[in-house]
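Chains as they are written, first to last, in the numbering used here: chain X, 176 to 407; chain R, 96 to 499. Ideal Cβ positions, reconstructed from N, Cα and C, are used throughout, including at glycine. No experiment lies behind these values; they were computed from the predicted model shown. The structure appears right after this line, and notes come after that.
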Amino acid sequence: MEQSSIITIKELIKRFPVGKGEFTALNGINLAFNTGEFAGIVGPSGSGKTTLLNIIGSLDTATEGKAVVMGQSTGDLTTKSAAKLRRMHLGFIFQTYNLLPVYTVYENVEFPLLLLKLSDSERRKAVNDALEWVGLTDKIKSRPAQLSGGECQRVAIARAMVKKPEIVLADEPTANLDAANSHNILKMMLKLNEELKTTFIFATHDDKVIKYLKRKITLEDGKVVKDEFITK
Amino acid sequence: MIAFKLAWRNLIGAGLRTWLNVFVLSFIYILIIWHYGILDGWNHQANIDMKAWEAGNGQYWQQNYDPYDFFTLEESHAKIPEVLQKASSEGVVTPILISQASVYPDGRIQSMLLKGIIPDQKVVAIPSAELDTESEAMPAGSPPAERTGQEIPVVIGRRMAKSCKLKEGDITTIRWRDVNGTFDAAEVKVVKVFNCNVPNVDAGQMYIHINTLREMMQAPGEATMFIIGKDFEMNETVSGWEYKDYDFLMSEMNEMMKMKKVGGSFFYLILMLLAMLAIFDTQVLSIFRRQKEIGTYIAMGMTRTQVVSLFTVEGAMHAILAVIIGAIYGIPFLLWQMKTGMTMPAGSDDMGIAIAESIFPVYGVGLIITTVLLVLIITTIVSYMPARKISKMKPTDALKGKIQ
Ligand SMILES: Nc1ncnc2c1ncn2[C@@H]1O[C@H](COP(=O)(O)OP(=O)(O)OP(=O)(O)O)[C@@H](O)[C@H]1O
Ligand SMILES: [Mg+2]
């Protein structure tokens, strides 16, 4: 199982400097994810979910131990190679959507493809496909300020998915959404997970999300206290 | 290339603040180009005017002559040497004899220079021919002693006319010292008031037939200086006379123009500083406010260098947009100025430099390119400085937007 893992985490420790001392946010994490998982890291506030997700996404580095993503040890990457890893293989979804406010829906979704230097026609097709997945083909020219929260998060999902990345990391994607919208986007992501075999990893304490998970990893004080696969 | 595309979207999206900065920058472009254009146009015109009215293609000065020293003026004339006499009779050079004298506008004494000139000379534009309008019985150029009851014709410029309250046809008294040092007086009649842009040949002087002046000074056949016309070429030196070439005669004015340009540069330096402060401020503010956006760029896989260049290009693009906006309203304005000229305010001609009533600016390609490049380069540097900070940001902190 180890060699086929898309993400492997070994003895990972993360400490933050706090004042004169240190705070241990992650304390000896061991985890492996396979391609196509739909997994969630759950746990109380402050348990280290975001920190773990950031390290997997190579936005942060471990103090000790290893996080290997797509065969690359994120701690050993230069900032340039880490950027390339994110550009090619990772998609992010944030609690606050993080859309670019001056861009239209279309331009927001197009952005990752511009970084990949795809041609005009390739971009147009991929953006239209992605907007179709999330059902926003009629809002192409709107700007984020003109959209509802649910619509914004759907744009963010389209943006994360448009380049068909191997892994999507979603930190509290439903925290700002009502129940109907939360179910809506989770169904959407589940469908993409099944159709495109994209690996999804959530950080959440939202029960609505947890209901959809196929694997639930519980974190407490920086340690994995439970790791269960859910069969429906 | 992608940085340009994204920067463009961001700038246009940023709206009013962008356009405010762009407008200020475009204004600076136009102002610099216009002002230097005016100075260059002025210089160009002044050169033409001074050549036509005063300097000719150079001058010969009697060795004692010093235009800034009135006390030696009476010793600064001498017999005309043969070569110059020959050239003079061919009309390619023309002699000028200069003496001090005084007039009495409103009963007050005012000193001036009496300049003797040959009426039919064609070397400079002074309308000396007007001095020749006297009757045959009393030819112009007769010594004053033979002219009892007859005024001596003189020609003056409009500045002199104004300061002495004289107009064409007016008669006034002038006084001068003869060789023995005693005062002599005569009546002169203004036969012509000429309009000229060169104060040096106008203010405080009267033109008179050279022979009359020679008679008055008892200096027959003498001159103070010669103005050289177009087709005169001489390689030998003339003993007792100093050759002053055109560049020497222009050096004072060119020096003054340079000073004006330097003075202008200080003004633009301050203006640029203010504009750059605005851009710098915009950059600092936008980097601070857009931390989350920066974090998002990095999360999506932009390298830090790419993000830094994106923000730098965004800042620098102000200068590029300013060229476009500046061109829209600036080119018509600059062309209109070139066509109609700028009317100089009254009194601005007392500065000692030849100045026309309207100055027509001359815009050099070099001037325009230098201005545009200079503003672009400075804007880029000013935009880059705050953007450098991005490369030190931790992406996780940026995403949280918590950097102070
Ligand atoms: N940059 C930092 N400096 C110091 N401490 C930090 C830093 N980032 C996180 N921490 C600490 O690490 C712990 C884990 O934080 P993290 O954000 O991963 O929690 P979380 O599980 O995502 O919580 P939440 O559910 O509230 O989002 C917290 O106690 C937090 O205070
Ligand atoms: Mg969190």
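Under the Cβ criterion of 9 Å, X/Met336 is not counted among the residues facing chain R. X/Thr225 has its CB nearer than 8 Å to a heavy atom of ligand 2. The beta carbon of R/Gly359 lies closer than 6 Å to those of His130 in the same chain, with the five residues before and after it left out.
Per DSSP, reduced to three states, the secondary structure at R/Ala109 is helical.
Closest in alpha carbon position to R/Ile107, among X/Gly246, X/Asn229, X/Ile204 and X/Val277, is X/Val277. X/Thr254 reaches chain R at Thr398 and Arg399, counting residues in chain order whose Cβ is nearer than 8 Å. Nearest neighbour of R/Val379 by Cα position, chosen from R/Gln401, R/Thr407 and R/Gly396, turns out to be R/Thr407. When the beta-carbon positions are compared, R/Ile191 and R/Ala298 stay at least 9 Å from each other. For X/Thr226, the enclosing alpha helix (DSSP H) stretches over residues Lys224 to Ile231. Nearest CB-CB separation between R/Thr391 and chain X: below the 9 Å threshold.
When R/Ile393, R/Trp271, R/Gln300 and R/Thr267 are compared, the shortest CA-CA separation from X/Met263 is found for R/Ile393. Around R/Thr491, the beta-carbon contacts reaching into chain X at under 9 Å are Thr225, Thr226, Asn229, Leu234 and Asp235. Taking the beta carbon of X/Phe208 as reference, no residue of chain R falls within 8 Å; the closest one sits roughly 19 Å away. Boundaries of the alpha helix (DSSP H) harbouring X/His358: Ala354 to Leu371, taken from the DSSP string. Judged by pairs of C-beta atoms under 8 Å, the stretch 284-304 of chain X does not touch the stretch 422-439 of chain R, as fewer than three such pairs exist. Put simply, the backbone Cα of R/His304 is about 21 Å away from that of R/Val293. Residue side-chain check: X/Val193 places its Cβ nearer than 8 Å to a non-hydrogen atom of ligand 1.
Pairing R/Leu469 with R/Ile426, the inter-Cα distance amounts to about 19 Å.
Of all residues in the stretch 283-294 of chain X, only Phe286, Pro287, Leu289, Leu290, Leu291 and Lys292 come within less than 9 Å of chain R when Cβ atoms are compared, listed by chain position. In the three-state reduction of the DSSP assignment, R/Arg203 falls in the coil class, being assigned neither a helical nor a strand state. In chain order, Ala414 place their CB closer than 6 Å to the CB of R/Leu471, counting only its own chain and leaving out the 5 sequence neighbours on each side. In the structure shown, R/Ala150 falls within a helical segment according to DSSP collapsed to helix, strand and coil. Chain-order list of chain X residues neighbouring R/Asn105: Leu275, Val277 and Tyr278, by C-beta distance under 9 Å. Listed along the chain, the chain X residues whose CB falls inside 7 Å of the CB of R/Ile143 amount to none; the nearest CB is some 54 Å away. Closest in alpha carbon position to R/Asp279, among R/Thr398, R/Ser121, R/Lys356 and R/Gln195, is R/Gln195. Going by DSSP, X/Ser220 is part of no beta strand (DSSP E) at all; its letter is neither H nor E.
When only Cα atoms are considered, X/Phe375 and X/Leu344 end up about 6 Å apart. Interface with chain X (9 Å Cβ-Cβ cutoff): R/Ile97 is included.
R/Glu388 belongs to the set of residues whose beta carbon lies under 9 Å from a beta carbon in chain X. Between R/Leu494 and chain X, the shortest Cβ-Cβ separation is below 9 Å. Counting the other Cβ atoms within 10 Å of the Cβ of R/Gln158 gives fewer than 16, which makes it exposed.
For R/Val418, the enclosing alpha helix (DSSP H) stretches over residues Arg399 to Thr435. The criterion of a C-beta distance shorter than 9 Å is satisfied by R/Val285 and R/Glu263. Chain X has a Cβ within less than 9 Å of the Cβ of R/Ala109. By the CB criterion at 9 Å, X/Lys241 and X/Leu187 fall inside the cutoff.
At least one heavy atom of ligand 2 is found less than 8 Å from the C-beta of X/Glu347.
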